[in-house]
Amino acid sequence: MAEDLNFLVIVPKGDGECREFELSAAPQDTGEKLKKRIEKLCSIPTDDQELFVKGSLTDKPKWLFEDATLEEQDVVDNSIITVAVHGRLAPVEKPLSDLPDEQRIASGGAPQKISAMQVSSTSHDESEEVVRPETRILNYSWGDEKEFVKIYISKDSEPEVIGAAGDGQSGQVKVDWQSRALKLVVHTSRKDFVLNLDRIYYEIVPEHCKWKVSTDKRITLSLKKKVESTWLKLLKPE
54 MAEDLNFLVI VPKGDGECRE FELSAAPQDT GEKLKKRIEK LCSIPTDDQE LFVKGSLTDK
114 PKWLFEDATL EEQDVVDNSI ITVAVHGRLA PVEKPLSDLP DEQRIASGGA PQKISAMQVS
174 STSHDESEEV VRPETRILNY SWGDEKEFVK IYISKDSEPE VIGAAGDGQS GQVKVDWQSR
234 ALKLVVHTSR KDFVLNLDRI YYEIVPEHCK WKVSTDKRIT LSLKKKVEST WLKLLKPE
């Protein structure tokens, strides 16, 4: 019987940081079986996981398929497995319906208001006298996917945001890209939901970045890497 393969598994925490743990599996195990083991360790449903494996520092990450064995996919010992997560990362302590309106997106902590000085004057008509309130988007996940790093905001973790985004075709969603920053704004009649990442660890190429709304499911932000290498962190520490 072949010896088990040992892995370093990297899972995003949803706040730009990662958690790491060691895991072993038999070469005959499938990608689906590996997902189930990760689910037991991290409470991340298998349907919300996308796995990418990297054999060495010089290799590029590749997609790990569910229906093939690790051996068939040429997965080697001491590989690094990165987990991209589509579902909720932080448990909601109370049902959303039981929370006050201003806290209903706070599965990762209390919402924080962005000061009026941070509100872009270009996003409002100059005739407006009252600055629109903004609420931070606190819950997201991310994963390294070869040429891109993708950030996911799901309905499970941010239901109001996904509801407000609609189909993304009517001007509700705007994204401002910079070489080491991005700002996502989801517009509603009462306020704006904002994801403002201004400490991106590596450089991106703004003109090749893109976003997509999957109606009633998630918002996906695709960050084009300037240098194609594996990202182990999304944000620089403050």
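FYI, the numbering for the sequence shown is 54 to 291, going by the numbering used here.
Positions of the beta carbon are idealized from the N, C-alpha and C atoms, including for glycine.
Residue i, DSSP secondary structure in three states
{"i": "E213", "result": "helix"}
{"i": "K93", "result": "helix"}
{"i": "D57", "result": "coil"}
{"i": "K278", "result": "strand"}
{"i": "K270", "result": "coil"}
{"i": "A218", "result": "helix"}
{"i": "L104", "result": "strand"}
{"i": "K113", "result": "coil"}
{"i": "L6", "result": "Because the chain in this structure spans residues 54 to 291, residue 6 falls outside the shown range and cannot be described."}
Selected residue, minimal CA-CA separation from residue i, among the options
{"i": "F201", "options": "A218, E187, R185 and C262", "result": "C262"}
{"i": "N192", "options": "E213, D120 and K227", "result": "E213"}
{"i": "D245", "options": "K208, W195 and K236", "result": "K236"}
{"i": "I97", "options": "D82, P65 and D197", "result": "P65"}
{"i": "D229", "options": "D57, P290 and P259", "result": "P259"}
{"i": "S210", "options": "V138, E56 and P290", "result": "V138"}
{"i": "K286", "options": "L250, W264 and T268", "result": "L250"}
{"i": "E73", "options": "A79, C95 and K89", "result": "C95"}
Expected contact under 8 Å - CB spacing of residue i and residue j to nearest Å
{"i": "L273", "j": "K203", "result": "The sequence shown places Thr at residue 273, rather than the Leu named in the question. Right, the Cβ-Cβ distance comes to about 6 Å (below 8 Å), so this counts as a contact."}
{"i": "L58", "j": "S77", "result": "6 Å"}
Residue i: CB within 6 Å of a non-hydrogen atom of the ligand FAD
{"i": "D269", "result": "Among the components modelled here there is no ligand, and therefore nothing to report on the ligand FAD."}
7 Å CB neighbourhood of residue i in its chain, flanking five on each side removed
{"i": "Q165", "result": "Low confidence applies to Q165: its pLDDT is 45, below 50, so where it sits in the model is not reliable, and the reading given next is rough at best. The residues are R189."}
{"i": "P290", "result": "none"}
{"i": "T283", "result": "K107, P114 and D197"}
Same chain, Cβ closer than 6 Å to residue i, neighbours up to 5 away in sequence not counted
{"i": "G221", "result": "V266"}
{"i": "H240", "result": "Q225"}
{"i": "K227", "result": "V238"}
{"i": "F133", "result": "In the sequence under discussion, the amino acid at residue 133 is Ile, which differs from the Phe named in the question. Excluding positions up to five away in sequence, the list reads L61 and K107."}
Contact set for residue i: own chain, Cβ-Cβ below 8 Å, skip 5 residues either direction
{"i": "K270", "result": "S207, K208 and I215"}
When you compare the stretch 124-139 with the stretch 81-97, are there three or more beta-carbon pairs, one atom per stretch, that lie closer than 8 Å? yes
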